C-alpha cells in the first residue's frame with residue numbers, strides 16, 4: 001500500500017524521471033534523497049519550516065535549480081568570468097558536455113547526476129562516471145576536462161576546499177585520432193582535383209600552412225604582406241591569441257595565382273561567399289569522398305604537414321612555429337614517429353650494406 005505524506009507531491013519530467021516536492025503555503029520545494037530515507041526526512045522537516053510565500057514572489061516551478069546541487073554549481077560556473085573568457089565555440093561545447101553530465105541517470109539509480117550534492121562527489125564517483133564512457137574515451141576525457149574546470153572554479157570561489165576531479169586520470173584514446181594523409185593519398189586527391197579548382201586550393205592551403213580549418217577559411221589577400229601570411233589563429237583568439245607569420249612558398253603561390261578566390265577569403269563557396277568552418281569541413285568531406293579518400297579529413301592534413309616537417313628533420317620548436325602549438329606534447333608525437341622511420345631506414349640500410 002502506498003503511504004501518503006502530508007504536503008508531498010510527485011512530478012514526472014520530460015525524461016520520465018520522478019521528482020518529489022513539498023507543496024505548502026504557495027511554495028513548491030524539491031526534496032532529494034530516497035523517499036522515507038533519513039536524508040529525505042531531514043529535507044522534509046526543513047521544508048516544513050520554510051516561511052510562507054510572500055505576495056508577488058515568483059513561483060517555484062519544476063526544474064528550478066536547487067542550491068548545493070551539481071547543476072547549481074554548473075550554473076554558477078557558466079555565469080562566471082572564468083567561463084565567459086572562453087571562446088564562443090568552447091563555451092557552446094562545454095555547456096553541452098555539462099548538460100549531458102547533469103541529465104545522466106547512472107545505471108541502477110533514479111536521481112540524475114545534476115541533482116546530487118556537489119560537495120559529496122568524490123574522485124571514485126567521477127572515475128565511475130568516466131568508466132561508464134569507456135567505449136568512447138574521447139567523450140569521457142572531454143567530460144572529465146569540463147568537470148575539472150567546474151571544480152577548479154568551486155575551489156577558487158570557496159564552494160569547495162579541494163578539487164575532487166584533479167587526480168582523476170583520463171582514459172587512453174583509441175589510436176592516434178585523425179588519420180594523417182599519406183603521400184599517396186595526397187597525390188590521389190590532386191589527380192581528381194587539378195590546379196584551378198577550389199578543392200586543390202584547399203588542399204594546398206592546409207598542407208603548406210599546417211593550420212586548422214577555422215584559420216583556412218579566414219585567409220585572404222588582406223593577410224598577405226610581402227610574401228608572408230600574417231594572421232592570428234582563430235582558436236584561443238579571445239583569451240590566448242597566437243599570432244603567426246608564415247612564408248608563402250612558391251608552390252602555394254602558384255596554386256593561389258591559378259585559383260578562383262573570393263574578395264575577402266581565398267576559399268569561397270559557389271556564390272562567392274566565405275565558408276564557415278563547419279561548411280568547409282562538409283565540403284572537404286565531399287571532395288575527399290569524390291577522390292575515394294573516406295578516411296581523410298582537413299585535420300588529417302594538419303597532421304600530415306607536421307609529420308612531413310618532422311621527417312625533414314625539423315625540431316619540435318620549428319614545427320610549433322608553423323602549427324602554432326603552444327606546448328610540445330602534440331608535436332612530440334610527430335617527431336617521434338618521424339625519428340622511428342628515419343632510424344628504421346638507416347638500420348636497414350646498414351643491414352644491406354647501402355647508404356640511406
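Numbering (UniProt numbering), first residue to last: 1 to 356. Yeah, the Cβ is synthetic: ideal placement off N, Cα and C, and Gly gets one too. No experiment lies behind these values; they were computed from the predicted model shown.
Short Cβ contact (8 Å threshold) for residue i with residue j
{"i": "residue 228", "j": "residue 245", "result": "yes"}
{"i": "residue 78", "j": "residue 95", "result": "yes"}
{"i": "residue 266", "j": "residue 205", "result": "yes"}
{"i": "residue 22", "j": "residue 34", "result": "no"}
{"i": "residue 164", "j": "residue 153", "result": "no"}
{"i": "residue 281", "j": "residue 213", "result": "yes"}
{"i": "residue 234", "j": "residue 222", "result": "no"}
{"i": "residue 118", "j": "residue 156", "result": "no"}
{"i": "residue 168", "j": "residue 216", "result": "no"}
{"i": "residue 188", "j": "residue 304", "result": "no"}
{"i": "residue 185", "j": "residue 314", "result": "no"}
{"i": "residue 328", "j": "residue 311", "result": "no"}
{"i": "residue 130", "j": "residue 116", "result": "no"}
{"i": "residue 365", "j": "residue 29", "result": "What is shown of the chain runs 1 to 356, which leaves residue 365 out entirely."}
{"i": "residue 284", "j": "residue 298", "result": "yes"}
{"i": "residue 236", "j": "residue 87", "result": "yes"}
{"i": "residue 80", "j": "residue 137", "result": "no"}
Integer-rounded CB distance, given that residue j should sit under 8 Å from residue i
{"i": "residue 97", "j": "residue 142", "result": "6 Å"}
{"i": "residue 301", "j": "residue 203", "result": "7 Å"}
{"i": "residue 171", "j": "residue 146", "result": "In fact, because the Cβ distance is near 15 Å, the residues do not count as touching under 8 Å."}
{"i": "residue 101", "j": "residue 113", "result": "6 Å"}
{"i": "residue 183", "j": "residue 255", "result": "Rounded, the Cβ-Cβ distance is 17 Å, inconsistent with contact."}
{"i": "residue 193", "j": "residue 287", "result": "6 Å"}
{"i": "residue 242", "j": "residue 230", "result": "Actually they are not in contact, since the Cβ atoms of residue 242 and residue 230 sit about 12 Å apart, beyond 8 Å."}
{"i": "residue 220", "j": "residue 264", "result": "5 Å"}
{"i": "residue 224", "j": "residue 248", "result": "7 Å"}
Residues bridged to residue i (per DSSP)
{"i": "residue 6", "result": "Paired residue(s): none; residue 6 is not in a bridge."}
{"i": "residue 230", "result": "245"}
{"i": "residue 224", "result": "229"}
{"i": "residue 11", "result": "19"}
{"i": "residue 24", "result": "27"}
{"i": "residue 117", "result": "69"}
Exposed unless 16 or more other CB atoms sit within 10 angstroms - verdict on residue i
{"i": "residue 135", "result": "exposed"}
{"i": "residue 51", "result": "exposed"}
{"i": "residue 324", "result": "buried"}
{"i": "residue 239", "result": "exposed"}
{"i": "residue 208", "result": "buried"}
{"i": "residue 210", "result": "buried"}
{"i": "residue 20", "result": "buried"}
{"i": "residue 271", "result": "exposed"}
{"i": "residue 309", "result": "buried"}
{"i": "residue 259", "result": "buried"}
{"i": "residue 307", "result": "buried"}
{"i": "residue 71", "result": "buried"}
{"i": "residue 166", "result": "exposed"}
{"i": "residue 43", "result": "buried"}
{"i": "residue 348", "result": "exposed"}
{"i": "residue 57", "result": "Confidence is the limiting factor: at residue 57 the pLDDT is only 48, short of 50, which leaves the residue's position unreliable, though a coordinate-based value still follows. With fewer than 16 other Cβ atoms within 10 Å, it is exposed."}
{"i": "residue 326", "result": "exposed"}
{"i": "residue 293", "result": "buried"}
{"i": "residue 18", "result": "exposed"}
{"i": "residue 9", "result": "exposed"}
{"i": "residue 335", "result": "buried"}
{"i": "residue 121", "result": "buried"}
{"i": "residue 344", "result": "exposed"}
{"i": "residue 199", "result": "buried"}
{"i": "residue 278", "result": "exposed"}
{"i": "residue 268", "result": "buried"}
{"i": "residue 1", "result": "Here the model assigns residue 1 a pLDDT of 45, short of 50, so the residue's position is not dependable, and the following value carries that caveat. Looking at its Cβ environment, which holds fewer than 16 other Cβ atoms inside 10 Å, residue 1 is exposed."}
{"i": "residue 61", "result": "In this prediction, residue 61 scores a pLDDT of 42, lower than 50, which makes its location untrustworthy; no coordinate-derived value is stated."}
Alpha helix (DSSP H) segment containing residue i, residue limits
{"i": "residue 71", "result": "70-78"}
{"i": "residue 98", "result": "88-103"}
{"i": "residue 325", "result": "Where residue 325 is concerned, there is no enclosing alpha helix (DSSP H), given that its DSSP letter is neither H nor E."}
{"i": "residue 297", "result": "Careful: residue 297 lies outside any alpha helix (DSSP H) and carries neither H nor E."}
{"i": "residue 160", "result": "That residue, residue 160, is in no alpha helix (DSSP H); it is neither H nor E in DSSP."}
{"i": "residue 39", "result": "38-48"}
{"i": "residue 130", "result": "123-131"}
{"i": "residue 253", "result": "250-257"}
{"i": "residue 204", "result": "198-209"}
{"i": "residue 171", "result": "Note, residue 171: premise wrong, no alpha helix (DSSP H); not H, not E."}
Host beta strand (DSSP E) of residue i (start-end)
{"i": "residue 273", "result": "Unbroken run through residue 273: none, as it is neither H nor E."}
{"i": "residue 245", "result": "243-247"}
{"i": "residue 28", "result": "27-31"}
8 Å Cβ cutoff, residue i in contact with chain D
{"i": "residue 5", "result": "Judged by its chain identifiers, the structure shown contains no chain D, having just a single protein chain."}
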